[in-house]
Structure formats: structure tokens, C-alpha cells
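Per our numbering, residue 1 is the first one in the sequence shown, and the count goes up by one each step.
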Amino acid sequence: MSIRFHAAPFAGAAFFFVALVSAAPDGRPPAHATLVAAVRRIQNTCFATYPPALLKRLTGKEAVAVEVPSDPALQMKAFVEVDRREKGLFYPTSLDDVLDAFESETRPGLRLLDLGSGDGRVVFLAALLGADATGVEWEESLHRLALEARERLADLVPKKRAHLKAGDFLREDFSKYDLLFYFESGTFDAAAMFDKIRRELRPGARLLLAHGIRPPDGLEETAAYGVVRVYVRPESGAAP
Ligand SMILES: C[S@@+](CC[C@H](N)C(=O)[O-])C[C@H]1O[C@@H](n2cnc3c(N)ncnc32)[C@H](O)[C@@H]1O
């Protein structure tokens, strides 16, 4: 691990902050306090890629207060709208809300798929924790923001473990993954997605469902961490 000082420009205010420790080259995850700071930087970096039109759609306003770009909690408060896209709704996850779940459920080398990866933040968090993380996003414009954020985070998030794909996640083979992540209501194809999860989730593989409205049929809850619930296929492994 190495500690570096890092200068980050933010809209409206440029300032320096002590930066973060990247994951060890062998994929060992950073310590919790380090991770909290890293999660802050990931969210601020993703936010900094948003063009004005996207910010307006998410906040309902022409501009945000100057302190918002450097404070993920204020960003979440400012996002009062969802951005309706072709295949679903875009709004980003608060990584602070899902950190416990990811720290507990992610291990180095584990293969994660973010179902509709938006600006890529969940992929970056999982990669930082040592996972081999893939995000699939249908919207080209969001996919490009994620690519931009990955570049800006290159000193923190190992690019070789943060795969970003443009396309339809329903075309992915879910059985290749150990962990699926889905932020509730992100897709209009939820029925098809849950069907595919029930058919393809391997025994031992898990679904992390953030802000779930109800437990998905045919899956069994194994753990809960705040807004995130963890599901597996039932013991028999049989698809319902
Ligand atoms: C609620 S956002 C979540 C973004 C990200 N996972 C996060 O938690 O910050 C859901 C995203 O899924 C995308 N999406 C919906 N259906 C999709 C599909 N079938 N294939 C790929 N992306 C999809 C949407 O465009 C949207 O960006």
C-alpha cells in the first residue's frame, strides 16, 4: 500500500485533500478507515463526471451548491429525481450505504456483476476490495461517464479488475459470477432479470439487492446489512 497526496479539481472549488491508499497489488482489500476515504473519493469522482444536463435531471435544479461536489452525502440529498432512461431508471448508489455489505460479502478474486452499472461506482468499490468486477450498462452516455471516472481513479482502482461493458445485462451469463449486485427498480426488465437470476445463479453465488421492495420469489435471504439484503438459490439448487 502507498500513501500519496493527490490534487482533485471539483466544480466551483479547487482544493487539495489527502488522498487514499490503493488496494494492495495482490488484491488484499484496504483497511476500513482507508476504504471510507476511498469511497468518498470514488463518489466525488463519479459526480464530477456528470454533465450539467444530467445534474439537472437528477437534482431538478440548474446548479448545485458549491459544497455538494466534495460531499457524497450532500450529493445524495441533492438527487431528488430519477433519470428515466431507455431500459430503466438511473440514480447512483450511496456507497456509504452499501459499504458494510460489500466489505462482508466481497473477497479478493470473487467475480462480481453489477446489473446496470451507471457511472461505475459499484464496480470501482468491488474492484478496490479485490473482486474481479464487471459492470454492464445499456446507456452509452452513462457508460462513457464510467470510463471517464475509471481513468480519473486509475491510481486508486485497479483497472484490470474494473471491467466496464456497454450493453444489455440480460445477455450476460450470470452463472459466471459469484456475486450479483442490483439496485432496486433500476431496470424495466426486472421480471426477466429475476427469472434469469433464478435459473443461472450458481449454488453458493449470491445476489446483493439494494433497497429491495420485496424479497425476490424463489430466492432465500441469507444476510442483511442496512439497505442491502443478500439472497441465494435455495439449498436444493433447483430453479423454481
Ligand atoms: C438505478 S441505476 C444503478 C446504477 C449503479 N448500479 C449504481 O448502483 O450506482 C440502474 C442502471 O441500470 C441500467 N439498466 C437498466 N436495465 C438495463 C439492462 N437491461 N442492461 C444494462 N443496463 C441496464 C440503467 O440504464 C441505469 O443506469
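Every residue, glycine too, gets a C-beta built ideally from N, C-alpha and C.
Query raised in the report: Would a C-beta distance cut-off of 8 Å place tyrosine 231 and leucine 209 closer than the cut-off?
Result: For tyrosine 231 and leucine 209, yes; Cβs fall inside 8 Å.
Query raised in the report: What do you get for alanine 238, buried or exposed, if any count of 16 or more other CB atoms within 10 angstroms of its CB means buried?
Result: Low confidence applies here, because alanine 238 scores a pLDDT of 48, under 50, leaving its location unreliable; read the following figure in that light. Its Cβ having fewer than 16 others within 10 Å, alanine 238 is exposed.
Query - Cutoff 7 Å; reference glutamine 244; Cβ partners in own chain excluding five residues on either side - result: Outside the displayed span of the chain (1 to 240) sits residue 244, for which this structure offers no information.
Query raised in the report: Measuring CB to CB, does leucine 58 end up less than 8 Å from phenylalanine 102?
Result: Not in contact: leucine 58 and phenylalanine 102 (Cβ atoms no closer than 8 Å).
Report task. Specify the secondary structure class of glutamate 148 as computed by DSSP and reduced to three states. Result -> The DSSP-derived three-state label of glutamate 148 is helix.
Query - Cα-Cα separation, alanine 192 to lysine 176 - result: Straight-line Cα distance between these residues: approximately 18 Å.
Report task. Confirm, please, whether the CB-CB distance from glutamate 140 to serine 117 is below 8 Å. Result -> Taking the C-beta atoms as reference points, glutamate 140 is found no nearer than 8 Å to serine 117.
Query raised in the report: What residue does the alpha helix (DSSP H) around leucine 58 start on, and which one ends it?
Result: Looking at the DSSP string, the run of the alpha helix (DSSP H) that includes leucine 58 is 52 to 59.
Requested in this report: Kindly indicate which three-state DSSP category glutamate 220 falls into: helix, strand or coil?
Outcome: It is a strand residue.
Query raised in the report: Do the CB positions of histidine 163 and threonine 134 come within less than 8 Å of each other?
Result: With respect to threonine 134, histidine 163 sits close: the two C-beta atoms are nearer than 8 Å.
Requested in this report: Quick one: grab the DSSP three-state call for histidine 143.
Outcome: Three-state result, histidine 143: helix.
**Report entry** Any alpha helix (DSSP H) of 4 or more consecutive residues that is wholly inside the region 124 to 202
**Finding:** Positions of the alpha helix (DSSP H) runs, each at least 4 residues long and wholly inside the region 124 to 202, are given as 140 to 152 and 190 to 200 in order along the chain.
**Report entry** Beta-carbon proximity list for valine 36, same chain, < 6 Å, skipping 5 on both sides
**Finding:** Here the set comprises nothing.
**Report entry** Among Arg84, Glu62 and Val66, nearest to serine 185 - alpha-carbon criterion
**Finding:** Check the Cα spacing between serine 185 and each of Arg84, Glu62 and Val66: the tightest is with Arg84.
Query - Cα-Cα separation between glycine 114 and alanine 146, rounded to whole angstroms - result: In the sequence under discussion, the amino acid at residue 114 is aspartate, which differs from the glycine named in the question. About 13 Å.
Query raised in the report: With distances taken between CB atoms, is the gap from leucine 179 to arginine 206 smaller than 8 Å?
Result: Yes, the Cβ-Cβ distance between leucine 179 and arginine 206 is below 8 Å.
Query - Spatial neighbours of glutamate 105 in its chain, beta-carbon cut-off 7 Å, leaving aside the 5 residues before and after - result: The residues are Leu179, Arg206, Leu208 and Val230.
Query - Helix, strand or coil at alanine 210 [DSSP, three-state] - result: Alanine 210: strand per DSSP, three-state reduction.
Report task. Compare the Cα-Cα distances from aspartate 217 to each of Ala38, Asp195 and Leu201 and report the closest residue. Result -> If we check each option's Cα against that of aspartate 217, Asp195 comes out closest.
Query raised in the report: Alpha carbon to alpha carbon, what distance is there between alanine 38 and arginine 111?
Result: Straight through space, the alpha carbons of alanine 38 and arginine 111 are spaced by roughly 21 Å.
Requested in this report: Take alanine 223 as the anchor and find which of Arg150, Arg152, Arg161 and Asp100 has the nearest alpha-carbon.
Outcome: Closest option to alanine 223, Cα to Cα, is Asp100.
Query raised in the report: Taking C-beta to C-beta, are leucine 142 and phenylalanine 90 nearer than 8 Å?
Result: Yes. Within cutoff.
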